[in-house]
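FYI, in mature numbering (1 follows the signal peptide of the UniProt record, and there is no 0) the residues of the sequence shown are -25 to -1, 1 to 540.
Here the structure comes first, spelled out in structure tokens, and everything after it is commentary.
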Amino acid sequence: MMANNQRSLLYYVLLVCCFIAVCFCDDDDVFKAIEICKDKLKDDPHFPRVQYSLAQLLDAQISSADSELDVSLVKEVVQLYRDVGNPPNAVEEKRIPPTKVRFESLMRAATIAKDVLRERQQAISYYMLAIQIDGIDQVSILVAFEETLKLLLSSTIVKQGASIDILGEIEAENQDPLQLSLQLCNFVGNKYPNEPLVDEFRGATLRKLKQPNSAYQSYEKAMIKSREHYLNCKNESQQNSEDNCLVHLKKFISTSILVAAAAREAGIKYDDEETHMTKDDLISEMVELYNNMGVLEKKRGSLHEAMKYFRKALDINPTDGHAIVQLASISSQDDDGKIISHVKELDRGYVAGLFDGYSSRFESELVDVLKYVGHELVYKSLRDALPNATSIGTIVDLGCGTGLLGELIATDMPWVAIHGTDLSQRMVDISLERKTGSGGRAVYSTVSNLDASEFLSNCDEASVDCVVASDVFIYIGDVSTVLDECMKCLVKNGLVGFTVESYETTDADSGLRLLPSGRFGHSKEYVYQMAEKHGFEVLSWKDAVLRQQAGKNVNGAVVIFQKQR
């Protein structure tokens, strides 16, 4: 043990020296170090310590090179790492590198072979050598195992009962890729019998081998083990962070979905109400599970099964936005019409998450792809309604997004203080940085991470000249509270400019509905009723095409309300 520790220390001293040579010495010094290592290896070809130093130096040189990749040099680095990780028999015992160095060298060789040289077979062989090294921690072994199985399964098909590597790399070695996959699952499974990842990959392999019943059994084992890991983590919450428990929970959810899919392929009636699925510890997480199952069935075209799962999610959380929107996208008036007709708003967490994920591509996709013009329509209607724009001092931009509407106002009316608000923190961050194209002035005076009603409730009475909301009410649904707050904060004759998507009905009381798009539609009768109820006059209503969706026009209207009381 002492000898191994001493070798480990020597190797890490060498690693530090290599780092210093690369980072703090000039190119001449690095080249000298490389030449010294090469000269030493000419005299003593099987000197792992020198091989490791040379591999580190050349690896760093390749990583920092700006010129065209030198493939022969890359191959040399891979071979050096490989020899360090799997020394020839001729190497004396005292020269064999420490276990951790051997493992890391093989992992690096595999990574370069896979990502740089695109040599999949080489990468697999190096990962397999790494897996077989004793004394390596479980997490590291599982990383190598996962990388190997991904490579084995990624391009394998089954014909006439045998698996075929369609890239022709593994087959050339006279190995059946899927049988090799099963052997690895058995090897790692024997070392770590409680690890769900092994059963998950065994299930994936058996699924490829057209053995659905066996695949189902493996996936079920993975699910049960994942559940136990999660429950144990929760019970030991003082020793485990929430992040650790979340990892186990996500694994449980993903394997549960795989079980459901495998059961369907095997013709097995899968009952997700079994005891392992309904523990109190997990019931709050079942919404995500049911939603994922619903999406899976929807993609398969099994809409009835999909609706069943979305309804189950709503049984647990009646306001879950994801389940509601998915149900709206596939439901007819005859099945879930009653559920959808009673939905008047979407959960704010769902809306915030939707736009957080959408923020990086929001503007390019909305304007360039979907041909969205709602912000332009609101701005034009607002200007038409303002006989004396210079009298306007303060405008509130609800759901400001990335600042499309705000920039139009700020560019044309630079004297106005614009205050934005949005549920998405990422949208807030983007809009805070937005500047006008002409003078480079910040578009917004302030931007808050609040919903529309909450922001307006914090405004002083009669302190705002105009409130604008482009493409916002379609996500709010019932705008009663927003209009109440607008009434309080607007000055006399203050304006509200907004867009709505069309929903055709003559009944004002049922003029609000969640559409299959996942956005709310508002009928003209409903909008006029809201104006009268909350003390506004409809100053203008203009029918318009707001955007496109699936190549078709999305019809709506741009509306201006004026405060009357």
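Cβ atoms here follow ideal geometry from the backbone N, Cα and C, with glycine treated the same way.
| Item | Value |
| --- | --- |
| Out of G269, A238, L172, L159, which one is the CA nearest neighbour of H223? | L172 |
| Quick one: what's got a C-beta closer than 6 angstroms to G510's C-beta in the same chain, skipping five residues either side? | M462, Q539, R540 |
| Mind checking who residue 549 pairs with in its DSSP beta bridge? | Outside the displayed span of the chain (-25 to 540) sits residue 549, for which this structure offers no information. |
| To which residues does DSSP link F473 through a beta bridge? | A444, V534 |
| Look at the alpha carbon of V76 and the alpha carbon of R57, and state the distance between them as a whole number of angstroms. | 11 angstroms |
| Measuring straight from C-alpha to C-alpha, what distance separates T456 and S432? | 10 angstroms |
| Inspect the CB distances between the segment 436 to 444 and the segment 464 to 475 and report whether three or more fall short of 8 angstroms. | yes |
| Who are the near neighbours of D514 in its chain, counting only those whose CB is closer than 8 angstroms to its CB and skipping five residues on each side? | For clarity, residue 514 is Leu in the given sequence; the question names Asp instead. Answer for L514: A360, L470, I535, F536, Q537, listed in chain order. |
| For a test of the three-state rule: what should DSSP assign to K346, helix, strand or coil? | coil |
| Below 6 angstroms CB to CB, which residues in the same chain sit around V318 once its five sequence neighbours on both sides are set aside? | I299, L489 |
| Any heavy atom of the ligand HEM closer than 6 angstroms to the beta-carbon of Q36? | Because no ligand of any kind appears in the structure shown, any question about the ligand HEM cannot be addressed here. |
| Whose CA, out of E121, K183, N169, E122, lies closest to the CA of D151? | K183 |
| Report the three-state DSSP secondary structure of L184 (helix, strand or coil). | coil |
| Out of V49, L380, L29, E10, point me to the one whose CA is closest to I37's CA. | V49 |
| For K410, report the span of its alpha helix (DSSP H) as first-last. | K410 -> no alpha helix (DSSP H), and no H or E assigned at all. |
| Distance, Cα to Cα, L206 vs V348? | 50 angstroms |
| Considering only C-alpha positions, which residue in the set G374, K410, G376, Q113 is nearest to D387? | K410 |
| Please list, in chain order, all residues of the same chain as N292 whose beta carbon is under 6 angstroms from its beta carbon, the five residues on each side excluded. | V262 |
| According to DSSP, is D309 part of a helix, a strand, or is it coil? | Unreliable placement is indicated for D309, whose pLDDT of 43 sits below 50; no coordinate value is reported for it. |
| Span of the alpha helix (DSSP H) holding G269? | 261 to 275 |
| Between the segment 389 to 404 and the segment 359 to 375, can you find at least three pairs of beta-carbon atoms closer than 8 angstroms? | yes |
| For E144, which residues from the same chain have a beta carbon less than 6 angstroms from its beta carbon, with the 5 sequence-adjacent residues on both sides left out? | Reliability of the predicted coordinates at E144 is poor, the pLDDT of 44 falling under 50, and the value obtained from them is presented with this limitation in mind. Closer than 6 angstroms at Cβ, skipping near neighbours: R95, Q96. |
| Taking all protein chains shown into account, decide if F6 is buried (16 or more other Cβ within 10 angstroms of its Cβ) or exposed. | exposed |
| Using CA atoms only, rank isn't needed, just tell me which of N210, I384, N266 is closest to A235. | N266 |
| What separation, rounded to the nearest whole angstrom, lies between the Cα atoms of V529 and E320? | 20 angstroms |
| In whole angstroms, what is the alpha-carbon distance linking F448 and E280? | 31 angstroms |
| Can you grab the Cα-Cα spacing for the pair G296 / G493, in whole Å? | 9 angstroms |
| Taking Cβ positions only, does N219 come closer than 7 angstroms to chain D? | Among the protein chains of the structure shown there is no chain D, as only one such chain exists. |
| Near A197, which residues of its chain fall below 6 angstroms by C-beta distance, leaving aside the five closest residues on each side in sequence? | P171, D174, E175, T230 |
| Just to confirm the assignment, what range does the beta strand (DSSP E) spanning I393 have? | 392 to 396 |
| How many whole angstroms separate the CB atoms of L33 and E51, which I take to be in contact at a CB cut-off of 8 angstroms? | 7 angstroms |
| How big is the Cα-Cα spacing for G496 and S485? | 11 angstroms |
| Starting from V422 and walking both ways along the beta strand (DSSP E), at which residues does that stretch end? | 421 to 423 |
| In chain order, what residues of the same chain have a beta carbon less than 6 angstroms from the beta carbon of S423, not counting five sequence neighbours either side? | T396, F430 |
| Have a look at P23 and A105 and give me their C-alpha separation to the nearest angstrom. | 16 angstroms |
| For my contact list, T377 and M402 are in at a C-beta cut-off of 8 angstroms; report their separation, rounded to the angstrom. | 6 angstroms |
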